[in-house]
Structure formats: structure tokens, C-alpha cells
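Worksheet: the structure to be examined is printed underneath.
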Ligand code: SF4
Ligand code: SF4
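Residue numbers (my numbering): 126 to 318.
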């Protein structure tokens with residue numbers, strides 16, 4: 126490198142350094158967007174539709190709507206869901222298949238949403254609770270039906286329907302119209318004739 130090239134590269138480097146410092150200097154005065162997690166956990170805004178983990182939808186009384194049809198299990202492309210069922214005897218003597226365990230492996234879920242969109246009873250949904258980190262992979266396998274199974278109360282018998290009252294026809298009253306009797310001409314009429 127001769128002296129000319131040396132100074133040329135020195136000027137080029139200084140120019141590049143000033144350019145970089147200019148970009149850095151601008152950032153000193155722009156609005157900060159860095160999230161100070163977990164200190165800001167209380168103010169964190171997680172989008173409502175963010176898919177963090179699959180969960181059961183329980184109503185206020187602790188009932189879920191899963192009918193153990195296994196549609197979600199069949200539609201899951203990578204075997205993330207395992208439905209374990211059991212047969213129960215109904216009061217009417219019939220048998221019915223019911224959900225025993227709904228097993229979901231968060232570690233293999235790709236969050237495609239096929240299970241949620243194909244469920245015929247809208248029994249499952251995605252939660253946006255993003256804090257799902259664990260120390261062991263086995264801890265990512267969850268049983269989603271975590272509440273104790275409750276039997277729905279038998280429907281109350283319907284009150285006996287009131288017997289229809291037989292309709293009694295009103296007796297028909299025939300109004301008899303008297304035939305006009307022979308009218309005798311008056312004296313005045315006789316005189317005119
Ligand atoms: S979650 Fe839905 S699709 Fe899956 S077994 Fe239950 S009812 Fe069927
Ligand atoms: S989101 Fe997709 S991969 Fe995850 S459990 Fe549902 S169907 Fe399977």
C-alpha cells in the first residue's frame with residue numbers, strides 16, 4: 126500500500142464511521158420499543174388471537190362441550206392430540222362413549238389451528254398465555270380436561286299434558302216463522318172493489 130492508498134482508505138473509514146455514528150445518534154432520540162420483560166409483565170399487551178397453547182373451554186358451571194368424537198385427533202397432522210375414551214352406562218340401559226383424558230403435547234404442536242376449526246362443538250380454543258416455558262419436555266404434555274367430570278342432571282319429566290275437553294255442541298234453536306194466515310180484506314178495500 127502506498128501513501129496515497131493509505132490516506133484514501135483512512136478517509137473512507139472515517140466517512141463510514143461518521144455515517145454509523147449518525148445512525149446510532151438518531152436512535153438516542155427515537156421512542157424506545159424494547160420490552161423490559163419480565164419486569165413489565167403487568168402491562169404486556171399480547172394479541173388476543175396469538176396461539177400459545179391449546180385449552181378446553183369450560184363454562185361457568187364447569188362443563189365442557191367435548192363429545193369425544195376424535196375429529197381433532199384425526200385432523201392433527203403430527204399426532205399432537207390423543208383422546209382416551211371410556212364407555213359409560215346410561216340410566217336408560219344404553220352405553221355411551223365419553224371422554225376420559227384429552228392429552229395434548231405442546232412440544233410437537235405447530236399451532237396450525239386445524240383441531241380448533243374442525244371441532245364440531247367448539248370445545249377447544251387457543252389461549253394467548255405465552256408463558257409456557259418448562260425445564261423438561263415431558264412437562265409440555267398436558268391433560269386439557271383438568272376439572273373433575275360432572276354428570277349433567279337428568280332432564281326433569283315433562284308435566285302431563287292436560288286432556289282436551291270434549292266440545293259440547295250448543296243446541297240449535299230453530300226460529301219458527303209463522304206462515305202468513307189468510308188476510309180478510311178490510312171494509313175500505315171492499316168498497317173500492
Ligand atoms: S375437542 Fe372437539 S373434535 Fe376433539 S374430540 Fe372433543 S368434540 Fe371432538
Ligand atoms: S394446532 Fe395443529 S398441530 Fe397443534 S394440536 Fe391442533 S391440529 Fe395438531
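Glycine included, every Cβ here is placed at the ideal spot set by N, Cα and C.
Looking only at DSSP bridge pairs, what is residue i linked to?
{"i": "residue 189", "result": "183"}
{"i": "residue 222", "result": "212"}
{"i": "residue 207", "result": "228"}
{"i": "residue 102", "result": "Outside the modelled stretch of the chain, which goes from 126 to 318, sits residue 102, for which no answer is possible."}
Between the C-alpha atoms of residue i and residue j, what's the straight-line distance to the nearest angstrom?
{"i": "residue 223", "j": "residue 212", "result": "6 Å"}
{"i": "residue 228", "j": "residue 209", "result": "8 Å"}
{"i": "residue 132", "j": "residue 253", "result": "58 Å"}
{"i": "residue 169", "j": "residue 156", "result": "17 Å"}
{"i": "residue 139", "j": "residue 146", "result": "10 Å"}
{"i": "residue 250", "j": "residue 242", "result": "9 Å"}
{"i": "residue 136", "j": "residue 148", "result": "19 Å"}
{"i": "residue 92", "j": "residue 255", "result": "Here the chain has residues from 126 to 318 only, and residue 92 is not among them."}
{"i": "residue 268", "j": "residue 230", "result": "9 Å"}
{"i": "residue 186", "j": "residue 201", "result": "29 Å"}
{"i": "residue 174", "j": "residue 198", "result": "22 Å"}
{"i": "residue 260", "j": "residue 164", "result": "21 Å"}
{"i": "residue 172", "j": "residue 244", "result": "23 Å"}
{"i": "residue 167", "j": "residue 151", "result": "30 Å"}
{"i": "residue 126", "j": "residue 158", "result": "45 Å"}
{"i": "residue 144", "j": "residue 204", "result": "53 Å"}
{"i": "residue 215", "j": "residue 195", "result": "21 Å"}
Pop quiz: residue i and residue j are said to be a contact at Cβ under 8 Å. What is the actual Cβ separation, rounded to whole angstroms?
{"i": "residue 262", "j": "residue 232", "result": "5 Å"}
{"i": "residue 192", "j": "residue 240", "result": "Actually they do not touch by this definition, with Cβ atoms about 14 Å apart."}
{"i": "residue 183", "j": "residue 272", "result": "6 Å"}
{"i": "residue 270", "j": "residue 221", "result": "Actually they do not touch by this definition, with Cβ atoms about 16 Å apart."}
{"i": "residue 258", "j": "residue 190", "result": "Actually they do not touch by this definition, with Cβ atoms about 30 Å apart."}
{"i": "residue 188", "j": "residue 275", "result": "6 Å"}
Is any non-hydrogen atom of ligand 4 found closer than 7 Å to the C-beta of residue i, if you look at the structure I gave you?
{"i": "residue 181", "result": "Looking for ligand 4 in the displayed structure turns up nothing; the ligands present are ligand 1 and ligand 2."}
For the region 226-289, which segments carrying the beta strand (DSSP E) assignment without a break, of at least 3 residues, lie completely within its bounds, in sequence order?
-> Whole beta strand (DSSP E) segments, 3+ residues: 249-252 and 266-268.
How about the region 172-184 and the region 236-246: do they share at least three Cβ pairs that are nearer than 8 Å?
-> yes
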